[in-house]
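Undergrad:
Number of protein chains: 2
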Amino acid sequence: MTNTIGFIGLGIMGFPMAKNLLTAGLHLVGYDIVSEKVDRLMDHGASRGTSLRDVAESADVLITMLPDSPDVENAYLANGGILECMKPGSVAIDMSTISPVVAVRVAEAAGKVGVPMLDAPVSGGETGAINAKLTIMVGGPIETYQRADEVFRALGSPTYCGPSGSGQTVKACNQIQVALNMVAMAEALVFGHKAGVDPEIIVSVLSGGYAQSRVMDVRGPRIIKGDFAPGFRSKLHFKDLNIIRETARSLACPLPATSIAYEMFAVMQAHGWGDLDHSAVIKVVELLSDTQVHSNTHG
Amino acid sequence: MTNTIGFIGLGIMGFPMAKNLLTAGLHLVGYDIVSEKVDRLMDHGASRGTSLRDVAESADVLITMLPDSPDVENAYLANGGILECMKPGSVAIDMSTISPVVAVRVAEAAGKVGVPMLDAPVSGGETGAINAKLTIMVGGPIETYQRADEVFRALGSPTYCGPSGSGQTVKACNQIQVALNMVAMAEALVFGHKAGVDPEIIVSVLSGGYAQSRVMDVRGPRIIKGDFAPGFRSKLHFKDLNIIRETARSLACPLPATSIAYEMFAVMQAHGWGDLDHSAVIKVVELLSDTQVHSNTHG
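Protein chains in written order, with this note's numbering: chain R, 119 to 417; chain C, 119 to 417.
Spelled out as structure tokens, the structure:
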């Protein structure tokens, strides 16, 4: 069904995603405020979008991959923004991770100008984006979801989560659980280390039983080596925890443990650890406890 | 190396463990303050221990499986207790889950009367005990651990964790991580439910990615059905969280998220949910949020 895909936002995630759409044989017009990124994508067969307006006007399916809620709101709703320029009957897909509340608001505005819209945030990180193995959580009209199937399959595995905002909600659930599984590992390792047990034994025993988590499988051994190279930067997870807090407030949904995780991620930002992997939350627990689980080989 | 095993404490865990030692062909003298439990074990080939003293005197390897720290302290250290009666050169193994601090104290007292001692708490629950698939976390002298290998292999998979108390420490780490992974799942599901998303979709998407945990694999689908049959009773995990708090205090080890988990488990006890599975911590988050994720089919 797809004629022209417009792709706005060619960052760490957006660039490899756009590339995978080109690899899948789709015609794509790319745009980013940094024009060098568009140049690079043209090497892979993309057409150049000269402006947000230009891309929005030419797209049958428009994809946005932007940093945060205000960027998405502004791109779609501002004067001269996306929704003023899109063809009726075309489809908008926002794949940024933003507030579910904002996602619903933008989708409603899109519906009013005859553009069905999906929220479709992803998990799987840069590696998942490069390898077309993203988990894609999709909210919006189910018939629009079905129309976008070809696009999603070129990027990873989509799951339909419900009406507008549902994709962002499931992404938020994911970020709650990942953050708290990270905190769980951090407190277990610091406690065990302070009591004098080798952290490798703790990771080995816990990973083999009911305490197992994917987070510990992937990051436990790296934490012990002091390797906090991202992965997923703590500042981005902190952004997501801010979205979760705002959304939880609007839902009247108290989240006591998530609020502790939020504060721990705030400590990471205060200490300049925003560009470390989010598993560096163990450094906060170490700071509290005046101890250090990991070696100094990485720092 | 084993001649006679003494086994004290034939409860939900101890009984099937003693039975597995008998199945492995070991000679075993069993004792419990409830004499009917000893009768039942005799049907499986055990000899009857008539008292704590009787079992301690006859054992080459003495195993205790008791409810809590004070029970273990009392059984070993009281006048007329285990340590007054054991043969020099015999071995004591406490497989109860108790405070690492108490484990060290009892092991030191045992060492003074010529009885090397291991702390060897288990995870895997009643099912693991019945199927001889327990994870066994062992602290104490390594040569004593090697002497006890035959016994441990008849019960599950042992890991040597370090000197006295290390087994209890790793068990405590395990209980921290399991409790917080449970809380993580609870907050994610309640948040998503309040935002209007089907919890089955949340479990399905999160289980397939970085948020995956064994706790969600096993309990996510049951929570959605409202099935909180234990498994592991919340009152026992609450006991373990008390041990963790006391130990953390003695180590000067702040654990902010674990303290939240502790309070949530305290709420479960206040509401009479002590005999539900520990995954029922979601009922606390539901209570806070005035919502209900699970159906009423189980109640």
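C-beta: ideal position from N, C-alpha, C; glycine also.
(1) I'd like the list of long-range same chain contacts for C/LEU195, defined as Cβ closer than 7 Å, with 5 residues on each side in sequence excluded.
(2) For a minimum of 4 consecutive residues, which ranges assigned as the alpha helix (DSSP H) are wholly contained in the region 172-248 of chain C?
(3) Looking at the unbroken alpha helix (DSSP H) that takes in C/HIS145, where does it start and where does it end?
(4) Given a threshold of 16 other Cβ atoms within 10 Å of its Cβ, counted over all protein chains shown, does C/SER368 qualify as buried or as exposed?
(5) Roughly how many angstroms lie between the CA atoms of C/PHE309 and C/VAL333, to the nearest whole one?
(6) So, R/ALA238 versus R/GLY167, is the Cβ gap smaller than 7 Å?
(7) Going by the CB atoms, is the gap between R/ASN292 and R/SER331 shorter than 7 Å?
(8) If you drop the 5 nearest sequence neighbours on each side, which residues of the same chain put their C-beta closer than 8 Å to that of C/ILE151?
(9) If R/ALA247 sits next to R/MET135, beta carbons under 8 Å apart, how far is it from one beta carbon to the other, in whole angstroms?
(10) Label R/ASP395 either buried or exposed according to how many other C-beta atoms from any shown protein chain fall within 10 Å of its C-beta, with 16 as the threshold for buried.
(11) Quick one: give me the first and last residue of the alpha helix (DSSP H) that C/ILE378 is part of.
(12) So that I know if they touch, is there some Cβ in chain R lying closer than 7 Å to that of C/GLU404?
(13) Taking R/SER176 and R/GLY124 to be in contact with their CB atoms under 8 Å, please state how far apart those CB atoms are, rounded to whole angstroms.
(14) Check the Cβ of C/ASN292 against every Cβ in chain R and list those closer than 8 Å, keeping chain order.
(15) Return the residues of the region 359-385 of chain R that lie within a Cβ-Cβ distance of less than 9 Å from chain C, sorted by chain order.
(16) In its own chain, which residues sit with a C-beta less than 7 Å from the C-beta of R/LYS155, not counting the 5 before and 5 after it?
(17) Distance check for R/SER208 and R/MET160, CA to CA, integer angstroms please.
(18) For C/ILE422, does the three-state DSSP call read helix, strand or coil?
(19) Which chain C residues are close to R/MET333, counting only those with a beta carbon under 9 Å from its beta carbon?
(20) Kindly confirm or deny that the region 169-184 of chain C and the region 211-221 of chain C touch, where touching means at least three C-beta pairs closer than 8 Å.
(21) Note down the Cα distance separating R/ILE101 from C/VAL321, rounded to an integer number of angstroms.
(22) R/ASN197 CB to nearest chain C CB: under 7 Å?
(23) What are the residues of the region 254-271 of chain R that lie near chain C, defined by any Cβ-Cβ distance shorter than 9 Å?
(24) Check whether the Cβ of R/VAL222 lies closer than 7 Å to any Cβ atom in chain C.
(25) The alpha helix (DSSP H) that contains R/CYS291, what's its start and end?
(26) Quick one: what does DSSP say R/PRO348 is sitting in, helix, strand or coil?
(27) Would you mind sorting C/ASP345 into buried or exposed? The rule is 16 or more other CB atoms within 10 Å of its CB.
(28) Express the C-alpha separation of C/GLY258 and C/GLY229 in angstroms, rounding to a whole number.
(29) Could you tell me whether any Cβ in chain R is nearer than 7 Å to the Cβ of C/MET131?
(30) Rounded to the nearest angstrom, what separates C/GLY327 and C/ASP393 at their Cα positions?
(31) Which residue marks the beginning of the beta strand (DSSP E) containing C/TYR278, and which one marks its end?
(32) By Cβ distance, which residues of its chain are closer than 6 Å to C/VAL190, with the 5 residues on each side in sequence left out?
(33) Going by DSSP, which residues form a beta bridge with C/THR253?
(34) Where do the N-terminal and C-terminal ends of the alpha helix (DSSP H) with R/LEU394 fall, by residue?
(35) Do you know how far the Cα of R/PRO218 is from the Cα of R/THR365?
TA: This is what the structure gives:
(1) Translated into positions along the second sequence, residue 195 of chain C becomes position 77. For C/LEU195, where only same-chain residues beyond five positions count, the Cβ hits under 7 Å are LEU201, VAL224 and ALA227.
(2) 187-195, 200-203, 218-230 and 243-248
(3) Translated into positions along the second sequence, residue 145 of chain C becomes position 27. Unbroken run through C/HIS145 is the beta strand (DSSP E), 145-149; no alpha helix (DSSP H).
(4) If you number the second sequence from 1, residue 368 of chain C lands on position 250. When all chains shown are included, C/SER368 counts as exposed.
(5) Indexing the second sequence from 1 puts residue 309 of chain C at position 191. Indexing the second sequence from 1 puts residue 333 of chain C at position 215. If you take the alpha carbons of C/PHE309 and C/VAL333, they lie about 18 Å apart.
(6) For the purposes of this step, residue 238 of chain R is taken as residue 120 along the first sequence, with counting starting at 1. For the purposes of this step, residue 167 of chain R is taken as residue 49 along the first sequence, with counting starting at 1. Taking 7 Å as the Cβ cut-off, R/ALA238 and R/GLY167 do not qualify as a contacting pair.
(7) Position 213 of the first sequence holds residue 331 of chain R. Position 174 of the first sequence holds residue 292 of chain R. Result no, Cβ atoms of R/SER331 and R/ASN292 do not sit closer than 7 Å.
(8) Translated into the one-based positions of the second sequence, residue 151 of chain C becomes position 33. Closer than 8 Å at the Cβ level, and outside the excluded window around C/ILE151, lies no residue.
(9) Residue 247 of chain R sits at position 129 when you count from the first residue of the first sequence. Residue 135 of chain R sits at position 17 when you count from the first residue of the first sequence. Their Cβ separation, rounded to whole angstroms, is 5 Å, which keeps R/ALA247 and R/MET135 in contact under 8 Å.
(10) Counting from one through the first sequence, the residue named residue 395 of chain R turns up at place 277. With 16 or more Cβ atoms within 10 Å of its Cβ, R/ASP395 is classed as buried.
(11) Here residue 378 of chain C refers to the residue found at position 260 of the second sequence. Element bounds for C/ILE378: 374-388.
(12) As a first step, residue 404 of chain C must be located in the second sequence, where it is residue number 286. Chain R, which has no Cβ nearer than 7 Å to the Cβ of C/GLU404, makes this no.
(13) In the first sequence, residue 176 of chain R corresponds to position 58, counting from 1. In the first sequence, residue 124 of chain R corresponds to position 6, counting from 1. At roughly 6 Å, the Cβ-Cβ gap stays under 8 Å, so R/SER176 and R/GLY124 are in contact.
(14) Reading the second sequence from its first residue, position 174 is the one you call residue 292 of chain C. Within chain R, the residues near C/ASN292 are ALA306, VAL323, LEU324, GLY327, TYR328 and ALA329.
(15) ILE362, THR365, ALA366, LEU369, ALA370, CYS371, PRO372, LEU373, PRO374, ALA375, THR376, SER377, ILE378, ALA379, GLU381 and MET382
(16) By one-based count along the first sequence, residue 155 of chain R stands at place 37. Once the five neighbours on either side are set aside, the close Cβ partners of R/LYS155 are LEU128 and PHE133.
(17) Walking along the first sequence from the start, residue 160 of chain R turns up at place 42. Walking along the first sequence from the start, residue 208 of chain R turns up at place 90. The straight-line gap from Cα to Cα measures roughly 23 Å.
(18) This structure does not reach residue 422 of chain C, given that chain C is present from 119 up to 417, and the question cannot be answered.
(19) By 1-based counting over the first sequence, the position of residue 333 of chain R is 215. Note on identity: in this sequence residue 333 of chain R is Val, with Met being the wrong assignment. Ordered by position in chain C, the residues that pass the 9 Å Cβ test against R/VAL333 are TYR328, ALA329, GLN330 and SER331.
(20) yes
(21) What the structure shows of chain R is the stretch from 119 to 417, and residue 101 of chain R is not part of that stretch, so it cannot be assessed.
(22) Locating residue 197 of chain R in the first sequence gives position 79, counting from the first residue. By this cut-off, R/ASN197 is not an interface position.
(23) MET255 and GLY257
(24) The count along the first sequence starts at 1 and reaches residue 222 of chain R at position 104. With 7 Å as the cut-off, R/VAL222 does not count as an interface residue toward chain C.
(25) Within the first sequence, the letter at position 173 stands for residue 291 of chain R. From DSSP, the alpha helix (DSSP H) with R/CYS291 extends over 284-312.
(26) Locating residue 348 of chain R in the first sequence gives position 230, where the first residue counts as 1. Correct three-state label for R/PRO348: coil.
(27) The count along the second sequence starts at 1 and reaches residue 345 of chain C at position 227. It counts as buried.
(28) If you number the second sequence from 1, residue 229 of chain C lands on position 111. If you number the second sequence from 1, residue 258 of chain C lands on position 140. If you take the alpha carbons of C/GLY229 and C/GLY258, they lie about 10 Å apart.
(29) Along the second sequence, read from residue 1 onward, the residue named residue 131 of chain C stands at position 13. Answer no: the Cβ-Cβ gap between C/MET131 and chain R never drops below 7 Å.
(30) Taking the first residue of the second sequence as 1, we reach residue 327 of chain C at position 209. Taking the first residue of the second sequence as 1, we reach residue 393 of chain C at position 275. Their backbone Cα atoms lie some 32 Å apart in a straight line.
(31) Start at 1 with the first residue of the second sequence, and residue 278 of chain C comes out as number 160. Run containing C/TYR278: 274-280, per the beta strand (DSSP E) assignment.
(32) On the second sequence, residue 190 of chain C is found 72 positions in, with the first residue counted as 1. Answer for C/VAL190: LEU184, ASP212, SER214 and ILE216, listed in chain order.
(33) Taking the second sequence and counting its residues from 1, one reaches residue 253 of chain C at position 135. Note: C/THR253 sits in a beta bridge opposite C/SER241 and C/SER275.
(34) Residue mapping note: residue 394 of chain R aligns to position 276 of the first sequence, counting from 1. From DSSP, R/LEU394 is part of no alpha helix (DSSP H); its letter is neither H nor E.
(35) Position 247 of the first sequence, counted from the start, is the residue given in the question as residue 365 of chain R. Position 100 of the first sequence, counted from the start, is the residue given in the question as residue 218 of chain R. One C-alpha to the other measures close to 7 Å.
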